[in-house]
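Here the structure comes first, spelled out in structure tokens, and everything after it is commentary.
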Amino acid sequence: MNLRATAAALLLVASLSVPAVLAEESDADALYARQSRLADQLDCPVCQGQSVKESNAPLARQMRALINEKIADGASDEEIFDFFETRYGVGVLRDPPKQGLALGVWLGPIIAAAAGVLAVGVVLLRRRPQPVPTADENLGELEARIDRLRHPPNGERT
Amino acid sequence: MVVGRMALGLAFGVAVLQLTMSGLAVWRRSPGFTDAARNAAIVLAAVVTIAVSTLAAGFLSQDFSIAFVADTSSRSMPLGLTISALWGGQEGSLLFWAWGLSLFSALAAWRMSKRDDALAPWGIGTLAAIALFFIGVLVFVSSPFQRLVVAPVDGRGLNPLLWDSGMQVHPPMLLTGYMSFTIPFAFAVAMLAAGRLSQDWLREMRNWMLVAWAIQGAGLLLGAWWAYRVLGWGGYWGWDPVENVALLPWLAATAYIHSALAQERRGQLRAWSVGLVLLGFALAVFGTFVVRSGILTSVHSFALSDVGPIFLTFVGIVMVIAVLAFLYRLPLLRAPLPIESLASKEAGVLLNNLLLMAVLVAVLWGTVFPIFSELVQGVRIAVGPPFYAQVTVPLLLFMLGLLGIGPLLAWRRTTGRAAWRATRWPILVTVVVSAVLLAVGMRAGLAVLGFGLAALVGVGALLEVVRSVRARPAASADEPRIALRLLGSRRRLGSNIAHFSIAVFAIGIVGSASFAQESAVRLALGESATVDGHTVTFRGLRPLSQPGLTTIYADLDVARGDQPPARLTPSRRIHAGWENQPTSDVAIRTTFPALDDLYVLLDEWEPDGSVASFRILVNPLVPLLWVGGVLYFIGVLVIAWPGAAPRRAPAAASPARQPAGP
Numbered sequence: 001m002n003l004r005a006t007a008a009a010l011l012l013v014a015s016l017s018v019p020a021v022l023a024e025e026s027d028a029d030a031l032y033a034r035q036s037r038l039a040d041q042l043d044c045p046v047c048q049g050q051s052v053k054e055s056n057a058p059l060a061r062q063m064r065a066l067i068n069e070k071i072a073d074g075a076s077d078e079e080i081f082d083f084f085e086t087r088y089g090v091g092v093l094r095d096p097p098k099q100g101l102a103l104g105v106w107l108g109p110i111i112a113a114a115a116g117v118l119a120v121g122v123v124l125l126r127r128r129p130q131p132v133p134t135a136d137e138n139l140g141e142l143e144a145r146i147d148r149l150r151h152p153p154n155g156e157r158t
Numbered sequence: 159m160v161v162g163r164m165a166l167g168l169a170f171g172v173a174v175l176q177l178t179m180s181g182l183a184v185w186r187r188s189p190g191f192t193d194a195a196r197n198a199a200i201v202l203a204a205v206v207t208i209a210v211s212t213l214a215a216g217f218l219s220q221d222f223s224i225a226f227v228a229d230t231s232s233r234s235m236p237l238g239l240t241i242s243a244l245w246g247g248q249e250g251s252l253l254f255w256a257w258g259l260s261l262f263s264a265l266a267a268w269r270m271s272k273r274d275d276a277l278a279p280w281g282i283g284t285l286a287a288i289a290l291f292f293i294g295v296l297v298f299v300s301s302p303f304q305r306l307v308v309a310p311v312d313g314r315g316l317n318p319l320l321w322d323s324g325m326q327v328h329p330p331m332l333l334t335g336y337m338s339f340t341i342p343f344a345f346a347v348a349m350l351a352a353g354r355l356s357q358d359w360l361r362e363m364r365n366w367m368l369v370a371w372a373i374q375g376a377g378l379l380l381g382a383w384w385a386y387r388v389l390g391w392g393g394y395w396g397w398d399p400v401e402n403v404a405l406l407p408w409l410a411a412t413a414y415i416h417s418a419l420a421q422e423r424r425g426q427l428r429a430w431s432v433g434l435v436l437l438g439f440a441l442a443v444f445g446t447f448v449v450r451s452g453i454l455t456s457v458h459s460f461a462l463s464d465v466g467p468i469f470l471t472f473v474g475i476v477m478v479i480a481v482l483a484f485l486y487r488l489p490l491l492r493a494p495l496p497i498e499s500l501a502s503k504e505a506g507v508l509l510n511n512l513l514l515m516a517v518l519v520a521v522l523w524g525t526v527f528p529i530f531s532e533l534v535q536g537v538r539i540a541v542g543p544p545f546y547a548q549v550t551v552p553l554l555l556f557m558l559g560l561l562g563i564g565p566l567l568a569w570r571r572t573t574g575r576a577a578w579r580a581t582r583w584p585i586l587v588t589v590v591v592s593a594v595l596l597a598v599g600m601r602a603g604l605a606v607l608g609f610g611l612a613a614l615v616g617v618g619a620l621l622e623v624v625r626s627v628r629a630r631p632a633a634s635a636d637e638p639r640i641a642l643r644l645l646g647s648r649r650r651l652g653s654n655i656a657h658f659s660i661a662v663f664a665i666g667i668v669g670s671a672s673f674a675q676e677s678a679v680r681l682a683l684g685e686s687a688t689v690d691g692h693t694v695t696f697r698g699l700r701p702l703s704q705p706g707l708t709t710i711y712a713d714l715d716v717a718r719g720d721q722p723p724a725r726l727t728p729s730r731r732i733h734a735g736w737e738n739q740p741t742s743d744v745a746i747r748t749t750f751p752a753l754d755d756l757y758v759l760l761d762e763w764e765p766d767g768s769v770a771s772f773r774i775l776v777n778p779l780v781p782l783l784w785v786g787g788v789l790y791f792i793g794v795l796v797i798a799w800p801g802a803a804p805r806r807a808p809a810a811a812s813p814a815r816q817p818a819g820p
């Protein structure tokens, strides 16, 4: 179920790019759009938590230029990511690959969500519903009253 | 600065005293000691206030013999910025944290001591222990009053990125937010330690949690607003580790605010609610730790330091104690009534909590995973926005749908027919909105879904307001006015405003995430570029030199069909001593009624000023984020305004007059 949810999410995210593809764009705009999309998926190795797209560091500028070169050479997105991964290691990819150790980051939330659903299900099932005589009165209010009778507030102490 | 040092030393002593008195009050069961501990808390607030004032005076008098002042301020900084340099580094922000805590603690201790003899000493003692830790760090490890042997002529000054009005509001708000999770935590610990739940305390705890929730939310929003205006990539949220850890306690608090409702109305989810309060505090201290330790790389990394391990130890010890107490008292927290039906408000609350926890776990896991992977394999795997978007977007959409339906359901159980009658209008509106959006040619599936669900939430909240007015018959002929009837159910009104703000917020996020246009242009003098209908013409560069600071302004004329032409001046600041970090001031123009932001960043320029390159973005609907934020705050204010709570008072007074003992 969680896998399916993830797949649906991926589909949804993918459908986001549809208008970008459909829109009429000049070559320069298209090139820039692709460059900045790729740069946004790469972590600037010398910056603090910024992508290659966002950063103004000299290395990030070089990397953007490199992306442009690769695009001009006709490289695919995959090839460009591979190029940077061999150069700077897997840590350069902001979208962690779904394999190897990085798979853990994807599995973590799925396992946790499954455990949560399971725990709630167990709790709900174990307590079989029983008719409760109290109608709609506010239980908290009742308890508050009992509480006050048992432990009078400070001001009233004798 | 002798005064400051002495004040901090004294504060340490007073905190020890407060802790001791609380201990005696528990041991001897004597309210006299409780009062003494409360008085110590009030004195502590006064003493820490003196310490903060001393440091502020050091900034105002530019006393660079204080290391912290020399480190974070300089003569070229304007006054408003100099004041905010107080939280511009570790020592000062810890002092600010401790100051806020001492003020909140004094108020909380005062309220605790008025309420419950058995619980108060535990609560005041917990507050004392936490204050003791922070003041201890300030006295022994990281003193803001450290002196330099030779006072420099001028200070180093703040990082140029922080030279912004955002610096005056975002850090203090977020520090206060983190800090304020301490107070509900102390209430919870007191109940666990004493082994008794008190409705009065549960309510007081919820009110404090509301305060923390609102302040943390405001801090996050101000951070988003600042990032949007300054960082220059057109975004307001980057899933940066420091942003993430600030979001975590807010998520826990959001879950708590809802589970506390089920707790209050139906006595359900008690253990869970108390657990969330503990979790909120743990995450708040964890957040402070992450900002201060530099363990994660972040755009906030100007805040690095070495007190991290101390924080980690502290949060570890506190949490072990809290969790043990929690487990030991679990029988006490069992719900008296089971959840009866899945089509009920409490089941909705449960699902809401489940979804919030899923987001929380995913964000926490993604944030710490780089450290984890480095420990396991020596490789720091980057976890960036693509991960968070893929994991949280479906959860958030699901949550929007639930937010539209859940509040309209009844408590306990609902028949299918009644549920449909309660929810049919919002659902119908959602279907119509989505169909219209598809019909006018919107093809981004996520956007159609997002806007549709936002409509569901918005219409649902409005409908709830109408229903709550209708459901309250005018008490008498004197009270016929709608305004009064609305105020009669302030909590309900406030929560509906908050829910409506989420709808507004969601529209802003969906719009800006789905339809932003971006373009990079290189313009010669007099040349124009057009982005999404906005024509931008380059009119020239204007350098402006001040002592210690050079600013390059770019003059741009912008025009768009029906809108009057306007002038935008994005700029770059180059600060003396920080030449390698030119800082950008983005120019933003909001167009009405389209609610587009035209967002222009000066990128590079030829030295002779003939050519400059710009990044131009058109961000649709971003202003709705700020509108939603203001609405959120108004909603929480309406809920939390003092005096709203009790509907019961007079009946209780007479039996309470009886003697306390048997």
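Chains A and B, in that order, are what the protein sequence lines are.
The opening position of the first sequence corresponds to residue 1 in the numbering used here, with each subsequent residue numbered one higher.
The opening position of the second sequence corresponds to residue 159 in the numbering used here, with each subsequent residue numbered one higher.
Backbone N, C-alpha and C define an ideal beta-carbon position, used for all residues, glycine too.
Exposure of residue i, with buried meaning 16 or more beta-carbon neighbours within 10 Å
i	result
B/F439	buried
B/L485	exposed
B/I797	buried
A/A144	buried
A/I146	exposed
B/L560	buried
B/T839	Since the first and last residues shown for chain B are 159 and 820, residue 839 of chain B lies out of range.
A/K98	exposed
B/V205	buried
B/W245	buried
B/K272	exposed
Beta-carbon spacing of residue i, residue j below 8 Å
i	j	result
B/P552	B/S670	no
B/T572	B/A501	yes
B/V507	B/S626	no
B/A385	B/G377	no
B/F527	B/V537	no
B/P781	B/D755	yes
B/L514	B/A664	no
B/V689	B/Q675	yes
Where residue i sits in the DSSP three-state scheme
i	result
B/L683	coil
B/L285	helix
B/S771	strand
B/T136	Lying before the first or after the last residue shown, residue 136 of chain B is absent from chain B, which here runs from 159 to 820.
B/R186	helix
A/D136	Its pLDDT being 49, under 50, A/D136 is placed unreliably in this model, and the coordinates cannot settle the point.
B/S260	helix
B/V347	helix
B/L200	Before going further, note that residue 200 of chain B is Ile rather than Leu in the sequence given. If DSSP states are grouped into helix, strand and coil, B/I200 belongs with the helices.
B/W763	strand
A/P58	helix
A/Q50	coil
B/Y394	coil
Where the alpha helix (DSSP H) containing residue i begins and where it ends
i	result
A/D27	D27 to D40
B/G559	P543 to I563
B/R725	Here B/R725 belongs to no alpha helix (DSSP H); instead the beta strand (DSSP E) covers Q721 to L726.
Residue i: first and last residue of the uninterrupted beta strand (DSSP E) it sits in
i	result
B/I373	First-last for B/I373: Q357 to V388, but that is the alpha helix (DSSP H), not the beta strand (DSSP E).
B/S703	H692 to Q704
B/L714	L707 to R718
B/I732	S729 to H733
Between the region 748-765 of chain B and the region 361-371 of chain B, can you find at least three pairs of beta-carbon atoms closer than 8 Å?
The answer is no - the region 748-765 of chain B does not touch the region 361-371 of chain B, with fewer than three Cβ pairs under 8 Å.
Segment contact, 8 Å Cβ cut-off, at least three pairs: the region 698-716 of chain B with the region 53-70 of chain A:
Taking one beta carbon from each stretch, the region 698-716 of chain B and the region 53-70 of chain A have fewer than 3 pairs nearer than 8 Å; the two do not touch.
I'd like to know if the region 332-341 of chain B and the region 310-318 of chain B are in contact, where contact means that at least 3 CB-CB pairs between them fall below 8 Å.
At 8 Å Cβ cutoff, the stretches do not touch.
How about the region 320-336 of chain B and the region 247-254 of chain B: do they share at least three Cβ pairs that are nearer than 8 Å?
Flag = yes, the region 320-336 of chain B and the region 247-254 of chain B touch.
Within the chosen definition, does the region 472-488 of chain B reach the region 87-104 of chain A through at least 3 CB pairs nearer than 8 Å?
Counting Cβ pairs under 8 Å, fewer than three are found: no touch.
Taking contact to mean at least 3 C-beta pairs separated by less than 8 Å, is the region 265-284 of chain B in contact with the region 199-209 of chain B?
Yes, they touch.
Quick check: the region 105-125 of chain A against the region 516-525 of chain B, are at least 3 beta-carbon pairs closer than 8 Å?
They touch, by the three-pair rule.
For the structure I just gave you, are there three or more beta carbon pairs, one from the region 610-621 of chain B and one from the region 684-697 of chain B, closer than 8 Å?
No, the region 610-621 of chain B is not in contact with the region 684-697 of chain B.
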